[in-house]
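Reviewing the structure listed below.
Numbering (the working numbering), first residue to last: 367 to 464.
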C-alpha cells in the first residue's frame, strides 16, 4: 500500500507526463542519450560506444539537450503554471493557523 495522498499521486503523474512531453521535443539521439544517462544510469562511455563517438561528444549532446529541456520548461506556460501552482499549494499546506 502506498503512503502517498491522491493529490501527490496526481501531481507525480502530471509531472511525469510533462517530462515525457519535454523529452519528445528533443531529437531521437538527444532523447536516447538523456534517457540512457539519467533514467537508466548508463555511463557516457557506454552511450558513446552505441553511437561510435567519443564520450566527450556524448557529454556535449547531453548538456545541449538538458539546456533545451530547461529552456522549454521555463518558456512553456503549462509547465510554469504547474510549478507556480505547486509552489503556492506547498506554501499553503505548510502554513499553520495560529
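Virtual Cβ for every residue (Gly too), placed ideally from N, Cα, C.
Can you grab the Cα-Cα spacing for the pair residue i / residue j, in whole Å?
{"i": "residue 411", "j": "residue 421", "result": "5 Å"}
{"i": "residue 374", "j": "residue 383", "result": "14 Å"}
{"i": "residue 407", "j": "residue 418", "result": "19 Å"}
{"i": "residue 394", "j": "residue 380", "result": "23 Å"}
{"i": "residue 463", "j": "residue 404", "result": "Note on residue 463: pLDDT 38, under 50, position unreliable in the model; the coordinate value appears next. In a straight line, the C-alpha of residue 463 is about 41 Å away from that of residue 404."}
{"i": "residue 431", "j": "residue 369", "result": "34 Å"}
{"i": "residue 429", "j": "residue 372", "result": "35 Å"}
{"i": "residue 425", "j": "residue 378", "result": "28 Å"}
{"i": "residue 413", "j": "residue 399", "result": "7 Å"}
{"i": "residue 409", "j": "residue 415", "result": "10 Å"}
{"i": "residue 461", "j": "residue 376", "result": "For residue 461, the predicted model reports a pLDDT of 43, less than 50, meaning its position is unreliable and no value from the coordinates is stated."}
{"i": "residue 387", "j": "residue 402", "result": "17 Å"}
{"i": "residue 427", "j": "residue 438", "result": "16 Å"}
{"i": "residue 397", "j": "residue 423", "result": "15 Å"}
{"i": "residue 436", "j": "residue 390", "result": "14 Å"}
So, with DSSP's three-state summary, where would you put residue i?
{"i": "residue 390", "result": "coil"}
{"i": "residue 383", "result": "helix"}
{"i": "residue 419", "result": "coil"}
{"i": "residue 401", "result": "helix"}
{"i": "residue 463", "result": "Any answer about residue 463 is weak, because its pLDDT of 38 lies below 50 and its placement is not dependable; what the coordinates show is given next. Residue state, collapsed to three classes: coil."}
{"i": "residue 411", "result": "helix"}
With 16 as the cutoff for other CB atoms within 10 Å, does residue i come out buried or exposed?
{"i": "residue 440", "result": "exposed"}
Taking 8 Å as the cut-off, decide whether the C-beta atoms of residue i and residue j are in contact.
{"i": "residue 392", "j": "residue 434", "result": "yes"}
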